[in-house]
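For the sequence shown, UniProt numbering assigns the number 1 to the initial residue and increments by one for each residue that follows. Virtual Cβ for every residue (Gly too), placed ideally from N, Cα, C.
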Amino acid sequence: MTHQFAVLTQQQAEMIAFTWHYEGVYVFYDIEADEDDLVEFLDAEQRGESVFAITSDTDLIGFVSVARTEAETVDIGLGMRPDLTGNGGGRAFLSSILDFIEATYAPRRITLAVAAFNERAIRLYEACGFKQTGSFQQPTNGSVYDFIRMERQKSPQN
């Protein structure tokens with residue numbers, strides 16, 4: 001499956017924010033679950049050109065936010081369309097994101113944070129070369145949650 005990346009449009013941001021609803025414990029990832037996240041995600045100026053829509057053919061299947069945190073480090077956040085999660089497509093999805101990040105930003109390190117309860121995502125990240133580097137608590141969605149910080153370093157021979 002080939003994925004395309006383009007700066008997220010306002011229409012796409014609104015579609016994600018108002019129509020993507022996850023099930024079970026994953027409702028945590030609904031953009032509407034946290035008012036501050038919703039406002040930031042819907043504000044085109046705040047998104048700038050750092051949030052990318054991921055499409056397959058013309059279907060919006062996900063998004064990735066990218067922030068250069070240090071000279072050779074890129075921090076990412078991502079989301080896959082709810083009906084596509086849990087069906088075995090995560091590895092191809094994440095691999096395409098990593099390929100895009102490496103081709104576009106050429107980082108030595110890619111970092112991300114994941115909710116500690118999301119064992120499914122943690123297994124996927126580890127399968128794609130990420131290692132756990134720490135944990136922290138963050139207020140979001142009306143409470144305080146545990147998160148795991150993960151990173152993937154480019155191998156020295158690359």
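In the DSSP annotation of this structure, the continuous segment of the beta strand (DSSP E) that includes I110 starts and ends at 109-115. Straight-line measurement puts the Cα of V114 at about 11 Å from the Cα of G79. Out of A116, A13, E35, the CA that lies nearest to the CA of T140 is found in E35. For L124, the uninterrupted alpha helix (DSSP H) run begins and ends at 119-127, by DSSP. Around the beta carbon of A67, fewer than 16 other beta carbons sit within 10 angstroms, so the residue counts as exposed. Between the C-alpha atoms of I31 and K154 there is a straight-line separation of about 31 Å. Distance from the CA of P82 to the CA of D75, rounded to the nearest whole angstrom, comes to 22 Å.
Burial check for T111: the Cβ neighbour count within 10 Å reaches 16 or more, so the residue is buried. Residue environment for V64: buried (at least 16 other C-beta atoms within 10 angstroms of its C-beta).
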